[in-house]
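First the structure, in the form of structure tokens, and then the observations on it.
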Amino acid sequence: MFWVILFFIISLVALIGGAELLIRGATRIATICKISPLVVGLTIVAFGTSAPELAVCTLASWRGEGDLLIGNIVGSNIFNILLVLGVSALVSPIVIKKKLIRWDVPLMIGVSLLMWFFAWGGKIYRWEGVLLFAGIIAYILFSIRYGREKELPSPAKQPFWLQIGMVVVGVILLGWGADGLIKSALIIAKRFGVSDLTIGLTLTAVGTSLPELATSLLALFRGQREVAVGNVIGSNLFNILAVLGLSALVAPHGISVPHRALTIDIPIMIGVALLTLPIFFTGRRISRPEGLFFLLAYSGYLLYLFL
6 MFWVILFFII
16 SLVALIGGAE
26 LLIRGATRIA
36 TICKISPLVV
46 GLTIVAFGTS
56 APELAVCTLA
66 SWRGEGDLLI
76 GNIVGSNIFN
86 ILLVLGVSAL
96 VSPIVIKKKL
106 IRWDVPLMIG
116 VSLLMWFFAW
126 GGKIYRWEGV
136 LLFAGIIAYI
146 LFSIRYGREK
156 ELPSPAKQPF
166 WLQIGMVVVG
176 VILLGWGADG
186 LIKSALIIAK
196 RFGVSDLTIG
206 LTLTAVGTSL
216 PELATSLLAL
226 FRGQREVAVG
236 NVIGSNLFNI
246 LAVLGLSALV
256 APHGISVPHR
266 ALTIDIPIMI
276 GVALLTLPIF
286 FTGRRISRPE
296 GLFFLLAYSG
306 YLLYLFL
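Sequence positions in the sequence shown follow the numbering used here and run 6 to 312.
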């Protein structure tokens, strides 16, 4: 069992390291090619923080591991709001932009409800995946049209071949890490008698969401407090629209959705998304007591899963 856990950790490191290399290389290539920093920020950076979820979920979808896939997406979205925002608010109270409350948060709630609607029959089909993926494209185009003030600094000058190499190595590490993470997670689930859904909701969800946690904390330490919550909301939108959408597209016979996820876990994800509205509206900030409440809520959710 020790070797399985070690393999899981190594796979997770490869997954996150691959995502980091991919986002750095792709961002610098885009800048060298004189692509707008706004476009880079809305596409490559958004993709980069969700690359682990995308790699794990598309591979799980191709292999017919629907429980693990759904668990990973739902678990990541719950983790992002309750734990990432909770920890971030404890470090420093988070400022909420008015634009985020007016557009992005309601949109996050809306796509969460849409996921539940699509999954209600027990399966998410390819045509629904097409609609979801079209949603992320529309979101990016809308954001570019109205501006999101998401500028990136110019990267240091480095050889073009080095950036290509970073992208290639990043993609290889992502693929290898995703494969190893799925295999080891399924072995751990069987060894401890835990369902694939529960492993997806916890172990793989937490692992693949570490980039969001790191990005939000780094933004806080740099004094960019409004970036922390924007990163979380953007990641949750990307998880449902892009990750679930693409996963449904590659699934040979659609994605099977477990009944428990339909009746318990997806409603909890929606409830957590709705929970942000009254908190965000009170002074447009997340205070330390509210951050502590988020952490306690996540602890309660974990207790429910394992007790």
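Note that the Cβ used here is the ideal one computed from N, Cα and C, for glycine as well.
- It is roughly 20 Å from the alpha-carbon of Phe-7 to the alpha-carbon of Val-211.
- If you draw a straight line from the Cα of Val-173 to the Cα of Ala-31, it is about 10 Å long.
- Following the DSSP letters along the chain, one finds Ile-101 in no alpha helix (DSSP H), marked with neither H nor E.
- Taking all protein chains in view, the Cβ of Arg-196 is surrounded by fewer than 16 other Cβ atoms within 10 Å, so the residue is classified as exposed.
- Take the alpha-carbon of Leu-118 and the one of Ile-238: they are about 15 Å apart.
- The shortest CA-to-CA distance from Trp-166 to any of Arg-33, Phe-12 and Gly-23 is the one to Arg-33.
- Just so you know, the alpha carbons of Ile-83 and Tyr-306 end up roughly 9 Å apart.
- Bridge pairing for Ile-260: Ile-129 [DSSP].
- For Arg-289, the secondary structure class from DSSP, reduced to helix, strand or coil, is coil.
- Around the beta carbon of Leu-223, fewer than 16 other beta carbons sit within 10 angstroms, so the residue counts as exposed.
- Secondary structure note for Asn-77: its alpha helix (DSSP H) is the uninterrupted segment 71-84.
- Looking only at Leu-64, Gly-198 and Val-116, the smallest Cα-Cα distance to Lys-188 is reached by Leu-64.
- Judged by DSSP secondary structure, Thr-203 falls within the alpha helix (DSSP H) whose first and last residues are 201-204.
- Within the same chain, Cβ atoms closer than 6 Å to the Cβ of Leu-73 are found at Ala-65, Asp-201 and Gly-205, the five residues on either side in sequence being excluded.
- In this chain, the alpha helix (DSSP H) harbouring Trp-121 covers 110-124.
- Distance from the CA atom of Lys-104 to the CA atom of Thr-54, rounded to whole angstroms, is 22 Å.
- Between the region 84-97 and the region 258-270 there are fewer than three C-beta pairs closer than 8 Å, too few to call the two in contact.
- Per the C-alpha coordinates, the member of Phe-122, Thr-209, Ile-291 and Met-120 positioned closest to Ala-60 is Thr-209.
- Straight-line measurement puts the Cα of Arg-293 at about 10 Å from the Cα of Phe-299.
- Restricted to the region 175-253, the alpha helix (DSSP H) segments that are unbroken, complete and at least 4 residues in length are 201-204, 210-213, 215-226 and 230-243, listed in chain order.
- For Leu-280, the closest alpha carbon among the candidates Val-9, Ser-16 and Ile-106 is that of Ile-106.
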